[in-house]
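These notes concern the structure reproduced below.
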Amino acid sequence: VGIPLCTTNRINAPEVAEEILASGGADMVSMARPFLADPDLVRKAAEGRADEINTCIACNQACLDHVFDGREVSCLVNPRACRETVLVFPVAAARRRVAVVGAGPAGLACATELAARGHAVDLFEAAGEVGGQFNLAKRVPGKEEFAETLRYFARRIERTGVSLKLGKRVTAEELIAAKYDEVVLATGVVPRSPGIPGQEHPKVVSYVDVLLGRKSVGERVAIVGAGGIGFDVATFLVEDGAPSGRDLERWKAEWGVADPETARGGLVKPRPAKAARRVTLLQRKATRPGAGLAKTTGWIHRAALKAKGVEMLAGVRYDRVDDAGLTITRGTKSPETRLLEVDTVVLPHPLVRDLVDRAPERVGLAGRVRRAGMRGGEEDRPMERVAVDELERELARLRQAGRLDPDLLAHLADRGLLGRLARVDPPAGRVHLPGAEAGLLVDQEEAVAVPHEAEDGALGRLPARPFDLGEAARTGDRVRAGRQGASPARSPASRRARPRRRRRR
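The sequence shown begins at 947 in our numbering and counts up one residue at a time.
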């Protein structure tokens, strides 16, 4: 063409952009999501520090998905995006020894941020590599770029001086004996057992073993749970782990994309490759399988699996697993029992949460150190809802014991930091919440831990523990939340004393 050409979409690295410009493919490149992941992308590239760039992994979970839901945009791999004036992490006033247990995304973010602020941080990981659930996600076809986040944190560990201890399953007793100033548990989610009779059968395997290749999988497979993990495992099995997205010709055939010069509109009939296995996706809820997947990517996953012949069944009761396969029952008015003659049944894998249950007092929880399970039932609420509900119960207990300062809740509720906690109105008293000064402010939507300090963190300067936020407000200590230099937290009484404006009719 004879006019300047700008190209865009999935240009997430400076070398990719440079190659496009150098080859004459375009005169300009446009990038959007990569600047949410790392606003310093251009500066780092110009300074020869491209290996320090936090790469956009195209997950859409906090950017485009939020746009379509009318929510504030952010970024899964950079939760400070669009919250830079709220999540302010200055250099710590005093250096502390901190233990972070678990090197998944939450633990990595917490450990490196604490170290960057000047603390001495030991990061413990039971596995032989960092990454946690991201090490599973990066093996799913289409999610290979999740490995870029782990590359970024590996470099950040080097730069910030975090002491990384791989292959070390630390115990609560060891943490207590080491006398750390603070301990952060980032040990990850805990998949629950579905309680299916016969789930100990040899043909039953965990999704972890499937994705890591530790167990063989037969030709006919039933996957229990049709949420995000179920869809990922199904994609892995029908593709046999092959990254079709990196084979351009194969990808074009799968989705019916052709050269516009040879096909009208650049579209032809899709020719998906034969599935490597026969897969059935199951869920207890009667809603459409995959209904909880993200708006911008869920339809792609559903379409891709249907094209591979994956059967999706909802409203299922799991009766038993035996040598014949998995027996299920569907329907309530006229129940229908069916035997799925499968070679392999993929289930969530139960884990142990001893560190959380036996943790010392100065402990904070990073990310979602909770139970993960199939959606459908009280025990299957979203993890962020579980976290808030558990916190509410703890606050209610402290309220009854007369140990909770009402100004603390008034401040948090005013700033929108604890959602439904605005309705709690406990009697006056002092508070020492376990983990309140452990160095964490958890982003409940993105499940990425955001560290802070009681002295000078995202909530501003607070007195030493046990603390009384009401006293801080009365003595003039200013609290930073939402913007620097915000007014001190007001007590419920002071808020009631404010005159209300009349509404105009």
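Don't be surprised by glycine CBs; every beta carbon is placed ideally from N, CA and C.
{"query": "Can you say whether I949 is buried or exposed, counting buried as having 16 or more other CB atoms within 10 angstroms of its CB?", "result": "exposed"}
{"query": "So, using beta-carbon positions, are L987 and S1020 closer together than 9 Å?", "result": "no"}
{"query": "Fully enclosed by the region 959 to 1030, which beta strand (DSSP E) runs are 3 residues long or longer?", "result": "974 to 976"}
{"query": "Beta strand (DSSP E) containing V1203: first to last residue?", "result": "Element bounds for V1203: n/a, residue is neither H nor E."}
{"query": "Can you name, in chain order, every residue of its own chain whose Cβ lies under 8 Å from the Cβ of P1216, other than the five neighbours on each side?", "result": "A1199, E1200, W1201, G1202, A1253"}
{"query": "By the three-class DSSP mapping on this structure, what secondary structure does T1095 have?", "result": "helix"}
{"query": "Would A1045 and G1134 be called neighbours here (beta carbons separated by less than 9 Å)?", "result": "no"}
{"query": "Can you check which of these residues, G1271, P1148, G1277, L1228, is closest to A1259 by C-alpha distance?", "result": "Checking the sequence, you will find Leu at residue 1259 rather than Ala. Here the closest residue by C-alpha is L1228."}
{"query": "In chain order, what residues of the same chain have a beta carbon less than 6 Å from the beta carbon of T1273, not counting five sequence neighbours either side?", "result": "D1265, R1266, L1285"}
{"query": "According to DSSP, R1248 sits in a beta bridge with which residue or residues?", "result": "According to DSSP, R1248 bridges with nothing at all."}
{"query": "Can at least three beta-carbon pairs, one atom from the region 1053 to 1066 and one from the region 959 to 974, be found at a separation below 8 Å?", "result": "no"}
{"query": "Could you check what DSSP says for G1271 in three-state terms: helix, strand or coil?", "result": "strand"}
{"query": "Pick helix, strand or coil for F1070, following the three-state DSSP scheme.", "result": "strand"}
{"query": "Which partner residues does R1196 have in the DSSP bridge list?", "result": "The partner list for R1196 (beta bridge, DSSP) is empty, contrary to what the question assumes."}
{"query": "Please classify N955: is it buried, with 16 or more other beta-carbons within 10 angstroms of its beta-carbon, or exposed?", "result": "exposed"}
{"query": "Mapping DSSP to helix, strand and coil, what is I1169?", "result": "strand"}
{"query": "With distances taken between CB atoms, is the gap from V1288 to G1261 smaller than 9 Å?", "result": "no"}
{"query": "Buried or exposed: I957, going by 16 or more other Cβ atoms within 10 Å of its Cβ?", "result": "buried"}
{"query": "Express the C-alpha separation of I1175 and V1155 in angstroms, rounding to a whole number.", "result": "Going by the sequence as given, residue 1155 is Asp instead of Val. Taking the straight line from one Cα to the other gives about 13 Å."}
{"query": "In angstroms, rounded to a whole number, what distance separates the CA positions of H1012 and L1022?", "result": "11 Å"}
{"query": "With distance defined between alpha-carbon atoms, name the residue in A991, V1292, G1255, A1209 nearest to K1220.", "result": "G1255"}
{"query": "To the nearest angstrom, how far is it from the Cα of G1048 to the Cα of L1121?", "result": "13 Å"}
{"query": "Given this structure, state the Cα-to-Cα distance separating R1026 from K1149, to the nearest angstrom.", "result": "44 Å"}
{"query": "Would you call E1128 buried or exposed, if buried means 16 or more other Cβ atoms sit within 10 Å of its Cβ?", "result": "buried"}
{"query": "Could you tell me whether the Cβ atoms of G1056 and V1116 are closer together than 9 Å?", "result": "Residue 1056 is actually Cys in this sequence, not Gly. Result no, Cβ atoms of C1056 and V1116 do not sit closer than 9 Å."}
{"query": "Under a Cβ-count criterion, where at least 16 other Cβ atoms within 10 Å of its own Cβ denotes burial, should R1223 be classed as buried or exposed?", "result": "buried"}
{"query": "Taking C-alpha atoms, which residue in E1282, A1204, E1071, R1097 lies nearest to N1000?", "result": "R1097"}
{"query": "For R979, which residues of its own chain have a beta-carbon under 6 Å away from its beta-carbon, when the five flanking residues on both sides are left out?", "result": "C1002, C1009"}
{"query": "Leaving out five residues on either side along the sequence, give the residues of the same chain with a beta carbon under 7 Å from the beta carbon of A1180.", "result": "I1169, V1225, L1227, L1251, V1256"}
{"query": "Kindly provide the ranges of any beta strand (DSSP E) runs that are 3 or more residues long and lie completely inside the region 1117 to 1148, ordered along the chain.", "result": "1128 to 1131"}
{"query": "Throw me the rounded Cβ distance for the V1113 and G1173 pair, which I believe falls under 8 Å.", "result": "A quick correction: the sequence has Gly, not Val, at residue 1113. About 31 Å; that fails the 8 Å criterion."}
{"query": "Drop a sphere of 10 angstroms on the beta-carbon of I1246, count the other beta-carbons inside from all chains shown, and report buried for 16 or more, exposed for fewer.", "result": "exposed"}
{"query": "Measure the alpha-carbon distance for E1165 versus G1141 and round it to whole angstroms.", "result": "25 Å"}
{"query": "What's the gap between the Cα of A991 and the Cα of D997?", "result": "9 Å"}
{"query": "Where does R1276 fall in DSSP's three states?", "result": "strand"}
{"query": "I'd like to know whether the C-beta atoms of R1192 and E1090 end up nearer to each other than 9 Å.", "result": "yes"}
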